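Numbering (our numbering), first residue to last: -13 to 202. Note that the Cβ used here is the ideal one computed from N, Cα and C, for glycine as well. All figures in this text were calculated on a predicted structure; none of them were measured in a lab.
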């Protein structure tokens, strides 16, 4: 039986995963940050953020005080977690083309630990269609709770913006969508439900809008 208050964040030490984990930890979720690069593990566990994040250290120290945060590089750590949040971005080549196979390959070590009663969420930027490919792989294992709930924050302002921006929620079945709504309502005031493809395009349009705004 999975603990509904347990979350594993794959890619959990990056600019997307770490602030998200801190927000959930401060809402009394047990958060396991999983990352292949844990060189900063001791620094983080000593209350020091590895990058700038407004109010990051305050939330980090609070999470550590609550004893709600763990860090590991072992994929098997997701076994007892109800919610699995994937924060690995899609790499690009020298021509800016997405390396779709590399994204999927980075998840290979986790596939054998996914189970049908988990809620699996893709959080970061993905090329349109990647969610469909991943769902087909999970579906072959009779796993149907896959959602796409993209982040839309400015780097360094995640903690303040996640609470303010409506959370986009999409999924392949009603149960997965319901689980994701019930999860994100702890840290977001509002949410917007849409289809997977709409969510993928919303995320890309949001990125483009940010880039244009920064440039101006």
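Query                                                                                                                                                                                           : Result
Hey, would you say residue 153 sits closer than 8 Å to residue 40, going by beta carbons?                                                                                                       : no
Rounded to whole angstroms, what is the Cα-Cα separation between residue 85 and residue 54?                                                                                                     : 34 Å
When we look at the beta-carbon of residue -6 and count the other beta-carbons within 10 Å, is it buried (16 or more) or exposed?                                                               : buried
Identify, in the order they occur along the chain, each residue of the same chain with its Cβ nearer than 6 Å to the Cβ of residue 25, setting aside the five sequence neighbours on each side. : none
Residue 149 lies in the alpha helix (DSSP H); which residues open and close that run?                                                                                                           : 144 to 150
Nearest by alpha-carbon distance to residue 91: which of 119, 131 and 140 is it?                                                                                                                : 119
Let's see if you can read the secondary structure: which residues bound the alpha helix (DSSP H) around residue 104?                                                                            : Careful: residue 104 lies outside any alpha helix (DSSP H) and carries neither H nor E.
Counting C-beta neighbours from all protein chains within 10 Å, is the total for residue 2 16 or more, i.e. buried, or is it exposed?                                                           : buried
Do you know whose CA, among 42, 11 and 125, lies nearest residue 145's CA?                                                                                                                      : 42
Return the Cβ separation of residue 74 and residue -3 in integer angstroms, given the expectation that the two are a contact with Cβ distance under 8 Å.                                        : 4 Å
Identify the residues that DSSP records as bridge partners of residue 50: which are they?                                                                                                       : Answer by DSSP bridge pairing: none, since residue 50 is not bridged.
Starting from the Cα of residue 102, find the closest Cα among 109, 93, 112 and 121 and give me that residue.                                                                                   : 121
Excluding the 5 residues preceding and the 5 following residue 49 in the sequence, name in chain order all residues of the same chain whose CB lies nearer than 6 Å to its CB.                  : 8, 11, 12 and 55
Taking residue 68 and residue -10 to be in contact with their CB atoms under 8 Å, please state how far apart those CB atoms are, rounded to whole angstroms.                                    : 5 Å
Please check the pair residue 138 and residue 151, which I expect to be a contact at CB under 8 Å, by giving their CB distance rounded to whole angstroms.                                      : 6 Å
Enumerate, from N- to C-terminal direction, the unbroken alpha helix (DSSP H) stretches of 4 or more residues contained entirely within the region 16 to 52.                                    : 27 to 31 and 42 to 51
Got a sec? Which residues, its chain only, sit under 8 Å from residue 29 by beta carbon, not counting five neighbours each side?                                                                : 36
Who are the Cβ neighbours of residue 133 in its own chain at under 8 Å, not counting the five residues just before and after it?                                                                : 105, 106, 107, 108, 155, 156, 157, 158, 162, 163, 165 and 166
Could you check which residue in 66, 114 and 61 has the C-alpha nearest to that of residue 20?                                                                                                  : 61
Can you name the residues that DSSP bridges to residue 156?                                                                                                                                     : 134
Which partner residues does residue 177 have in the DSSP bridge list?                                                                                                                           : 153
Using 10 angstroms around the beta-carbon of residue 186, count the other beta-carbons present and answer buried if the total reaches 16, otherwise exposed.                                    : buried
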